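Q: Have a look at the structure that comes next, please.
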Amino acid sequence: MLLEAEIKAQLAHYLQMMEGDILLKVSAGDDQVSRDMLALVDEVSSMSSHIKVEKATLNRTPSFSVNRIGEDTGITFAGVPLGHEFTSFVLALLQVSGRAPKVDPKVIEQVQKIKGEYYFESYISLTCHNCPDVVQALNVMSILHPGISHTMIDGAAFKEEVEKKDIMAVPTVFLNGEPFGSGRMTLEEILAKIGSGPDASELADKEPYDVLVVGGGPAGASAAVYAARKGIRTGMVAERFGGQIMDTLGIENFISVKYTEGPKLAASLEEHVKQYENIDVMNLQRAKRLEKKDLVEIELENGAVLKGKTVILSTGARWRNVGVPGELEFKNKGVAYCPHCDGPLFEGKRVAVIGGGNSGIEAAIDLAGIVKHVT
8 MLLEAEIKAQ LAHYLQMMEG DILLKVSAGD DQVSRDMLAL VDEVSSMSSH IKVEKATLNR
68 TPSFSVNRIG EDTGITFAGV PLGHEFTSFV LALLQVSGRA PKVDPKVIEQ VQKIKGEYYF
128 ESYISLTCHN CPDVVQALNV MSILHPGISH TMIDGAAFKE EVEKKDIMAV PTVFLNGEPF
188 GSGRMTLEEI LAKIGSGPDA SELADKEPYD VLVVGGGPAG ASAAVYAARK GIRTGMVAER
248 FGGQIMDTLG IENFISVKYT EGPKLAASLE EHVKQYENID VMNLQRAKRL EKKDLVEIEL
308 ENGAVLKGKT VILSTGARWR NVGVPGELEF KNKGVAYCPH CDGPLFEGKR VAVIGGGNSG
368 IEAAIDLAGI VKHVT
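Each residue of the sequence shown is one higher than the one before, counting from 8 in the working numbering.
Structure representation (structure tokens):
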């Protein structure tokens, strides 16, 4: 048994929510990962009459695909989706069975309008807290569109493939065999990256706002809510709703909340903001220029110009950089910001940690159990 009793009890509850039969096509060998994968598949399938299993030959071994009966949905897990990816596996079971994903109807429409064939591959580690967002977004796209497929690949189970493709950070996504992106990406960000996001012309004719907030982190969300509660027309421009907390796993210094996680807090912020009808949220938009005329004008990188009687800048924080040559060029290609996520990819390598504060010391200790040598 791979699943602990408590997790198995929770899983049993979720499997009761399945709406139809699904088929797991399994491609396994004689290695330990294959044995663990088969144990997981057998254990889960024994818990629901909706889950059927059959042997198959897939592109990678060990792997298994999650399908509707008589129809390939394009969702494949290469490796054993435990750790942070167990939720991705459970959601795939539910959504393939017919349970609707919790996605904005506008976003669903954008996915369904995509033209062409898209084969995504996401390389992850089971310790990565950023990876499930990407895996789950690509799985949803595969369910909604017959021309889209996605394979989640556990880098620890396919080390030769990871080294051959020079992957040194997770999550890393390939599209149709070519590098597509790395780091946390939402479904909306993926759509924008393939050119299927909201049309920039939708922003061109916006009426001037009483207050225009630039920034979508905690400060920006707070400013927008306070403005909206005064009953005034509020606009909010966010490059990524939630800001840097989206990259933060544990938060323990938020007063009155003993512990929460960055993405969970960001989701709560967004839910709070969207309760106010007089806040117009423009996500995935980056401000380029600010100019004071009769009104304050904010030009976006897509060329649209927004106007406000008042503008509040809440542009937040960024990861600190050293400023040495090659640092930006090698980001996620050897320069990493999350030792917890990316550490397994540096197994057996010599690694340098820059920084001597608590984060640097913690990173060095974490890496010391994985890599060859830490400086």
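For each residue, glycine too, the CB sits at the ideal point set by N, CA and C.
Being a predicted model, the structure only gives us computed values, none of them experimental.
Tell me which residue opens and which closes the beta strand (DSSP E) that residue 289 is part of.
A: 286 to 290
Q: Expressed to the nearest angstrom, what Euclidean distance is found between the alpha-carbon atoms of residue 210 and residue 220?
A: 15 Å
Q: With distances taken Cα to Cα, identify the nearest neighbour of residue 217 among 234, 377, 140.
A: The option with the nearest alpha carbon to residue 217 is 234.
Q: Buried or exposed for residue 37, please, with buried defined as at least 16 other CB atoms from any protein chain shown within 10 angstroms of its CB.
A: That one is exposed.
Q: Note the first and the last residue of the continuous alpha helix (DSSP H) segment covering residue 7.
A: Nothing about residue 7 can be read from this structure; the chain reaches only from 8 to 382.
Q: Exposed or buried, residue 117, counting other C-beta atoms within 10 Å across all chains shown (16 or more means buried)?
A: The residue in question, residue 117, is buried, as its Cβ has 16 or more Cβ neighbours within 10 Å.
Q: On the CB-based measure, 16 or more other CB atoms within 10 Å of its CB, does residue 91 come out buried or exposed?
A: Counting other Cβ atoms within 10 Å of its Cβ, residue 91 reaches 16 or more and is therefore classed as buried.
Q: Could you give the first and the last residue of the continuous beta strand (DSSP E) run that contains residue 122?
A: No beta strand (DSSP E) holds residue 122; DSSP gives it neither H nor E.
Q: For residue 159, which beta-bridge partners are listed by DSSP?
A: Paired residues: 84, 129.
Q: Measure the alpha-carbon distance for residue 20 versus residue 29 and round it to whole angstroms.
A: 17 Å
Q: Figure out for me which residue from 68, 69, 73, 66 has the closest Cα to the Cα of residue 51.
A: The candidate whose alpha carbon is nearest that of residue 51 is 73.
Q: Hey, residue 394 and residue 65 are a contact pair by Cβ (cut 8 Å); roughly how many whole angstroms apart?
A: An answer regarding residue 394 cannot be provided, because it is not within the stretch 8 to 382 covered by the chain.
Q: Measure the beta-carbon distance from residue 354 to residue 378 and round it to whole angstroms, keeping in mind my assumption that it falls under 8 Å.
A: 6 Å
Q: Threshold first: 4 residues or longer. Then list the alpha helix (DSSP H) segments lying entirely within the segment 150 to 203, N to C.
A: 166 to 171, 194 to 200, all fully within the segment 150 to 203.
Q: Keeping to the same chain, check which residues put their C-beta closer than 7 Å to that of residue 110; ignore five residues upstream and five downstream.
A: 147, 194
Q: Helix, strand or coil for residue 72 per DSSP?
A: strand
Q: Drop a sphere of 10 angstroms on the beta-carbon of residue 125, count the other beta-carbons inside from all chains shown, and report buried for 16 or more, exposed for fewer.
A: buried
Q: Quick check on the DSSP output: what are the complete alpha helix (DSSP H) runs of length 4 or more inside the segment 203 to 255, in order along the chain?
A: 225 to 236
Q: Please work out which residues of its chain come closer than 7 Å, Cβ to Cβ, to residue 324, disregarding the five sequence neighbours upstream and downstream, and give them in chain order.
A: 251
Q: Spatial neighbours of residue 175 within its chain, please: C-beta separation below 6 Å, excluding the five flanking residues on both sides.
A: So the qualifying residues of the chain are 340, 341, 352.
Q: Put residue 111 into one of helix, strand or coil per three-state DSSP.
A: coil
Q: Do residue 196 and residue 247 have their C-beta atoms within less than 9 Å of each other?
A: yes
Q: Roughly how many angstroms lie between the CA atoms of residue 25 and residue 239, to the nearest whole one?
A: 44 Å
Q: Evaluate the contact criterion for the segment 307 to 319 versus the segment 287 to 299: three or more CB pairs, one atom per stretch, below 8 Å.
A: yes
Q: According to DSSP, what are the bridge partners of residue 314?
A: 304
Q: With a threshold of 16 other CB atoms inside 10 Å of the CB of residue 319, please say whether the residue is buried or exposed.
A: buried
Q: Quick check: the Cα distance between residue 256 and residue 170, rounded to an integer number of angstroms?
A: 27 Å
Q: Are at least three pairs of beta-carbons, each pair with one atom in the segment 148 to 161 and one in the segment 358 to 373, less than 8 Å apart?
A: no
Q: Quick one: what's got a C-beta closer than 7 Å to residue 115's C-beta in the same chain, skipping five residues either side?
A: 151
Q: For residue 58, report the span of its beta strand (DSSP E) as first-last.
A: 58 to 62
Q: What are the partner residues of residue 294, as DSSP defines its beta bridges?
A: 307
Q: Nearest to residue 43 by CA position, among 59, 18, 10, 119, is which residue?
A: Considering only alpha carbons, the answer is 10.
Q: Go to residue 366, then tell me how far its alpha helix (DSSP H) extends in each direction, as first and last residue.
A: 365 to 375
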